[in-house]
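In the working numbering, the protein residues as written are 3 to 250.
Notes for the one structure printed next.
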Ligand SMILES: Nc1ncnc2c1ncn2[C@@H]1O[C@H](COP(=O)(O)OP(=O)(O)OP(=O)(O)O)[C@@H](O)[C@H]1O
Ligand SMILES: [Mg+2]
C-alpha cells in the first residue's frame, strides 16, 4: 500500500527543541504513517532519544507542532494522547517484586479496570508469540536480559498502543539475546503495529523498516525508503556512518 492511501499517525512539523543554548532538534519534520516501521539511526548525541521523548510529551518543544491523529499535541491533551503510545527503553524496568503475570496485569486491570480473565488471555497470547510462554509465573530476577526485554514489550502492548516507540531496545543485551528481542519486534511489525525504532542493528533495519531516517547534529539528514537508504546514498555523513557501522 502506498503511504498516500494511509492515515498519518504522528506528524512533527518544524519542531525545535533546545536544552539551554543547545539546539537538539533543529526544525525537524517527520510524518509517520499507519502500519509503518520507521527506523532512526545516527551518531550519538544526534537527537534520536529526544525526538522519541518529544513525541510522547516527555520533553516540551520550543516551537513547531506535533500532530497526533489529526490533533495538535498540547500540554492539556498530552496525558490522554500518551495513553495510546507505548515506549520501550534500553533498560527493562519491570517491577522486581512482582511476577511476570502481575507486571503485565497491574496497569490494564488496576489503572484501566479491564477484565482480569481477558487480560490474562491477552498476556499469555503475547508471551506465546514472543517465545516466553513458560515465564508467566517467573520473577524478573529469574529471567535473562532478552526475556526481560520481551516481557517489557508485552507490558507495553497490554495497554493496546496505537504507536510504539523503541529506544535502542537491544543495546543493553548480550549478542545472543539480541536476536530474540528483534524477532519479537519483527512480529509486531508483521502484525501491522506502527512503530518508530531507534536502533543500530542495520541488518534488522534493512529487513523490517519501511523507512529509515538518519539524524545527525539535530537534523534529519536523510529520510528515505529502506532500499534507497542502503543504495547509493549521496550524503557524505551517512556514507561515513554506514561504513563504520556496517564493518563493525
Ligand atoms: N535533559 C537534558 N539536558 C540537557 N541536554 C540534554 C538533555 N537530554 C539530552 N541532552 C543533549 O541533547 C543532545 C541529544 O541527545 P539525545 O539523547 O537525544 O541523543 P541520541 O541521538 O539519542 O544519542 P545516543 O545515540 O547517544 O543515545 C545531546 O547533546 C545531549 O547531551
Ligand atoms: Mg539515545
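Ideal Cβ positions, reconstructed from N, Cα and C, are used throughout, including at glycine.
Sheet register partners of residue 24 (DSSP bridge): In the DSSP output, where bridge partners are listed per residue, residue 24 has 21.
Output the distance between the C-alpha atoms of residue 119 and residue 85, rounded to the nearest integer angstrom. Within the model, the alpha-carbon separation for residue 119 versus residue 85 is close to 22 Å.
Between residue 26 and ligand 1, is the CB less than 7 Å from at least one heavy atom? Within the cutoff, so yes.
Closer than 7 Å is what we want: which residues have a beta carbon that near any heavy atom of ligand 2? List them in chain order. Output, sorted by chain position: 50, 51, 169, 170, 200.
Where residue 210 falls, given that 16 or more other Cβ within 10 Å makes a residue buried: Label assigned to residue 210: buried.
If residue 166 and residue 204 are in contact, beta carbons under 8 Å, what's the gap, nearest whole angstrom? Incorrect: roughly 20 Å between the Cβ atoms, too far for contact.
Hey, would you say the C-beta of residue 66 is under 7 Å away from at least one heavy atom of ligand 1? Answer for residue 66: no, Cβ out of range of ligand 1.
Along the chain, which unbroken stretches of the beta strand (DSSP E) at least 3 residues long are found entirely within the stretch 65-126? Segments of the beta strand (DSSP E) lying fully in the stretch 65-126: 65-70, 87-90.
Span of the alpha helix (DSSP H) around residue 189: Residue range 177-192 is occupied by the alpha helix (DSSP H) that includes residue 189.
Pair within 8 Å by beta-carbon distance, residue 213 and residue 240: Their beta carbons are not under 8 Å apart, which means residue 213 does not touch residue 240 by this criterion.
Kindly indicate which three-state DSSP category residue 237 falls into: helix, strand or coil? DSSP, read as helix, strand or coil, puts residue 237 in coil.
Should residue 9 be flagged as near chain C, meaning a C-beta pair shorter than 8 Å? Absent here is chain C; the protein component of the structure consists of one chain.
Locate the beta strand (DSSP E) running through residue 322, then write down its first and last residues. With the chain covering 3 to 250 only, the question about residue 322 has no answer from this structure.
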